[in-house]
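2 protein chains.
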Amino acid sequence: MQTRSASIPSSAKVAAHDRAVGSPANEAQRIGSMLELVASHVPLQRRVVHAGDLIYQAGEGFQRLHLVNAGFFKLINSASDGREQVVALQFRGDWLGFDGIAQGRHGCDAVAMDTGEIWSFSYEALLQASLTQPRLLALVHEAMSREIVRDRDALLSLCTLSADARVADFLHYWADSLARRGLRADQISLRMSRAEIGNYLGMTIESVSRALSRLSARHLIRFAEKGRRDIEIPELGALAAFVQGGSAAGRTLQ
Amino acid sequence: MQTRSASIPSSAKVAAHDRAVGSPANEAQRIGSMLELVASHVPLQRRVVHAGDLIYQAGEGFQRLHLVNAGFFKLINSASDGREQVVALQFRGDWLGFDGIAQGRHGCDAVAMDTGEIWSFSYEALLQASLTQPRLLALVHEAMSREIVRDRDALLSLCTLSADARVADFLHYWADSLARRGLRADQISLRMSRAEIGNYLGMTIESVSRALSRLSARHLIRFAEKGRRDIEIPELGALAAFVQGGSAAGRTLQ
DNA sequence: CGCCCCGTTGATCCTGTTCAACGGTCGTGG
DNA sequence: CCACGACCGTTGAACAGGATCAACGGGGCG
Chain A
72 MQTRSASIPS SAKVAAHDRA VGSPANEAQR IGSMLELVAS HVPLQRRVVH AGDLIYQAGE
132 GFQRLHLVNA GFFKLINSAS DGREQVVALQ FRGDWLGFDG IAQGRHGCDA VAMDTGEIWS
192 FSYEALLQAS LTQPRLLALV HEAMSREIVR DRDALLSLCT LSADARVADF LHYWADSLAR
252 RGLRADQISL RMSRAEIGNY LGMTIESVSR ALSRLSARHL IRFAEKGRRD IEIPELGALA
312 AFVQGGSAAG RTLQ
Chain B
72 MQTRSASIPS SAKVAAHDRA VGSPANEAQR IGSMLELVAS HVPLQRRVVH AGDLIYQAGE
132 GFQRLHLVNA GFFKLINSAS DGREQVVALQ FRGDWLGFDG IAQGRHGCDA VAMDTGEIWS
192 FSYEALLQAS LTQPRLLALV HEAMSREIVR DRDALLSLCT LSADARVADF LHYWADSLAR
252 RGLRADQISL RMSRAEIGNY LGMTIESVSR ALSRLSARHL IRFAEKGRRD IEIPELGALA
312 AFVQGGSAAG RTLQ
């Protein structure tokens, strides 16, 4: 396996979780017009959900897709022996339910982490509409592709980063996701317990807690006065830099 | 977060990597007819590739998708700081290139691990054809969905399994992938070095080697006489059972 | 108030990493 | 032909990062 040629434009890859072309503002715009386009061509049902609400469940038959209009959602994958893991976090503009297409039944649970709004619609209806609206079809494909890329970035982070760097990367990812959607990213309020974060990152509650303490000691983050779930990020760039520095520094593939 | 209700039919989940509906024979058939359908509706270019050949490269502009007609391929994701990781293994019937749709450029390298045959075709042409062939469109969506599910299963294994179980799960996955395609699974020949396996599983060469030795000592696998890359699996079920037993035994999400 | 859940911190243990040495195989070239 | 070196895989010994076990404080709620 030869090392990849150096001919890749260096701008092609910025950071594992920072790959969008275009600015954050564009991203928010993209999401807005996507929601609009879907809503105008597919009959959908809008639903307000609350923390803990189940959008769909593993094993359940697949018929409908969902779009996040507001709120935060987690996807939980589980094995037959009881192992379960948070495998993805979804924000405004993200789709829920793609995992069900392949086998006609869902492979994950989708759970709301906070109050939010979900737009649900029939997959069949979407397909029908997309036959006359190529732009709609393109959106669906982009969304699925994005999901694949994101999952693989998660895989990369999980395998190559130390516990502290993983936590930093997680915070950076969360903040970045907010920023792209036009929300303020310097002051984030995690909707997850330490247990959930740990599960998502493949580590224990204690390790998450310690990692956060260490990040705080380095002034990469700061805990808001009252809530241990509210975190300030003075300098997003510093956090990203820490992720790279804290990586096994070039654990390359030979 | 409440524990999931017990109302999920237990048959809905068999094992992380063992979720197909239908028998292995059906799967091989599905793949065969899928290849046929694509070939009969999209102009494609067939190409024989050899170990080490690059099908596409991260950063490269996205225009074409690829179908594996024969051989073994790996997808390598890499971060800006040099970290890189094998994030997926692809076999006959798998698609290559979905990661490029979202951003118009590829996010991974796709590399052949052995001699094989790749069918390449324009994504645009595929879209055009799928407008008049709904079955074709369904195939594409199923393939993308399957990819998402697989990535999430990998995430789950990575986070919840011990090193030994991860190696066992990897072997089981490989063997199972062969079996589904109608190939013999009791005697597999890995196309990967220990370094690649370790990278894929998030562990070091030494740990992979030790894990294999321990699996061999338990008679879950046997090394073929001459090659340390040829492995016999007397009982696939035993390997699967070990994965479950070797799991952190219910590292649930609270 | 008492209980439960959440988060933090300390002490100890263990899994997997790191460092190191060694054997086998293959390709190259004297 | 064999010597040499590069590469791959295995195994051992020491180390360390994170898991585990345990104790404690704070907040919300019945």
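Going down the list, the protein sequences come from chains A and B.
Start counting at 1 in the first sequence, then tack on 71, and there's your number in this note's numbering.
Start counting at 1 in the second sequence, then tack on 71, and there's your number in this note's numbering.
All C-beta atoms in this analysis are idealised placements derived from N, C-alpha and C, irrespective of residue type, glycine included.
No experiment lies behind these values; they were computed from the predicted model shown.
Among the bridge pairs identified by DSSP, A:N148 is matched with A:Q156 and A:C179. The distance from the Cβ of B:R252 to that of B:A159 is about 16 Å, inconsistent with a contact at the 8 Å cut-off.
In this structure, A:G168 places its C-beta atom within 9 Å of the C-beta atom of A:Y194. Annotation: Cβ neighbours of B:I172 in chain A (cutoff 7 Å, chain order): H212, E213 and S216. Secondary structure of A:D247 (DSSP, three-state): helix. Put simply, the backbone Cα of B:V120 is about 25 Å away from that of A:S216. At a C-beta separation below 7 Å, A:T231 has these neighbours in chain B: R154 and Q156.
Rounded to the nearest whole angstrom, the C-alpha separation of B:K297 and B:L291 is 18 Å. In terms of Cβ geometry, A:F192 and A:L115 form a close pair [threshold 9 Å]. Of the candidates B:T203, B:L232, B:A150 and B:L283, B:L283 places its Cα closest to the Cα of B:D301.
Residues of chain A with a Cβ closer than 8 Å to the Cβ of B:F241 do not exist, since the nearest Cβ in that chain sits about 13 Å away. If you compare the alpha carbons of A:R255, A:L227 and A:R265 with that of A:R299, the shortest gap goes to A:R265. Shown here for A:W245: same chain residues with a beta carbon closer than 8 Å to its own, the five before and five after excluded, namely L160, I259 and L261 in chain order. At least 9 Å separates the beta-carbon of B:F313 from that of B:Y271. In the DSSP assignment, B:S233 forms no beta bridge with any residue.
Under the three-state reduction of DSSP output, B:G130 falls in the coil class, being neither helix nor strand. Counting only Cβ-Cβ distances below 7 Å, A:L160 has no contacts in chain B at all, with the closest Cβ about 12 Å away. Nearest to B:M184 by alpha-carbon distance, out of B:I219, B:I172, B:L146 and B:Q174, is B:L146. For A:F169, the secondary structure class from DSSP, reduced to helix, strand or coil, is helix. Here A:Q161 carries a strand assignment [DSSP, helix/strand/coil].
When C-beta atoms of the region 138-157 of chain A are compared with those of the region 203-211 of chain A, fewer than three pairs fall below 8 Å, so the two segments do not count as touching.
If you draw a straight line from the Cα of B:D152 to the Cα of B:P305, it is about 42 Å long. A:V113 sits in coil when the DSSP states are folded into three classes, being neither helix nor strand.
Taking a Cβ-Cβ cut-off of 8 Å, the neighbours of B:F169 in chain A comprise M215, S216 and I219, given in sequence order. Ranked by Cα distance from A:N148, the first of A:D170, A:A250 and A:A225 is A:D170.
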